[in-house]
Structures are given as C-alpha cells and as structure tokens.
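To start, the structure under review is shown below, and the notes come after it.
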Amino acid sequence: MRAPDRGHTRWGLVLPFIAVPVLILGFLIVSLFAWALTDEDDPRAGGPAKAACAEVLLFGGARLPADARAGQCTVQRGIDTAYTAVLRMPREDVRGWLRETYPDAPQVRTGDPCGALCLDVTHEDGLTGAAEAHVVQVRVEYENAETASVRFSAFTT
4 MRAPDRGHTR WGLVLPFIAV PVLILGFLIV SLFAWALTDE DDPRAGGPAK AACAEVLLFG
64 GARLPADARA GQCTVQRGID TAYTAVLRMP REDVRGWLRE TYPDAPQVRT GDPCGALCLD
124 VTHEDGLTGA AEAHVVQVRV EYENAETASV RFSAFTT
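The sequence shown maps to residues 4 to 160 in this note's numbering.
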C-alpha cells in the first residue's frame, strides 16, 4: 500500500528570510565583542594614548628644557585626566629646570622612597595658574654620572 502524497511545505521559501537576519545579527554580536576586546590603547576605553610631549608638559605648567630628550609621552582620560612624560636630560640641569619652572614650589626632596630627586606641586604650593593640572609629580633617577631620567606626571583630581 502506498502512502498518500503529502503536500509541499513552504519552508524552502521561509527559511532564507529567517536565516539571513539571524546570520547578520550573529555577525554583529561577534564583531562587537571583537572590537571591545581589541585596541587596548584606545583612549575611549580609559587606556593610555600617545600624546605630544610639549602638550604633556604644558598641562603641568612646564616647558621642555632645551637640553632634554623626550621619550614616551601619554595621556589617559576618564573622570580625571593624567599626562605622563619620560625625559632624559643632563643630571646637572634638573634642579635648575625645576626651580625655574616652579619657583614657588617646596624644596626638592631626595632619598627613599622618591629616588634621587622628587617634587610634588599643587596649586596651593607653587603650581602656576597657567597649569591645567591640579597636581604635578616629578621623579628623577640618575642613570649615570651625566644623565638623569625624569618622569613627569600631571593630573587632575
């Protein structure tokens, strides 16, 4: 005995209309996760981004000394803004540059835990009115008899 022929279904027509939006939505979701997990230096994610060293120093009310070489300079924006710069300069010029840049600042400190030299300046104790930063921190390490590594940080609080 033969079974009666069944009618044709319309799944052949409906399936592409369902599958295409599901595939597109899946692709968009995977792309969103891939985008979120990449680009760690993206400032929108709160990570550090490269910045011009002159901009970093200007934010803290300073200028790049003529005899200094700028290294890595970054900015990190979020609720607060934080700039950092690493400079290399003659060891003998560091104190003079700090006195010239922040004449009303407290004395430069030495020894542990700040390294060879350190200076913390706020608007209350010597930070110039031109500085956009609320706090500037300078940490100096002597690399050798002639060269100092200066880490300059300027940030809002």
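Glycine included, every Cβ here is placed at the ideal spot set by N, Cα and C.
{"query": "Use the C-beta contact count for F158: other C-beta atoms within 10 angstroms, 16 or more gives buried, fewer gives exposed.", "result": "buried"}
{"query": "Is V111 helix, strand or coil by DSSP?", "result": "coil"}
{"query": "Would you tell me roughly how many angstroms separate the C-alpha atoms of V139 and F30, rounded to the nearest one?", "result": "46 angstroms"}
{"query": "By the 10 Å Cβ neighbour count, where 16 or more other Cβ atoms means buried, how is V124 classified, buried or exposed?", "result": "buried"}
{"query": "Report the rounded CA-to-CA distance for E58 versus E127, giving the unit in angstroms.", "result": "23 angstroms"}
{"query": "Determine which residues share a DSSP beta bridge with C121 and list them.", "result": "R112 and R142"}
{"query": "Would you report the Cα separation of N162 and V97, rounded to the nearest angstrom?", "result": "This structure does not reach residue 162, given that the chain is present from 4 up to 160, and the question cannot be answered."}
{"query": "On the three-state DSSP scale, how would you describe T104?", "result": "helix"}
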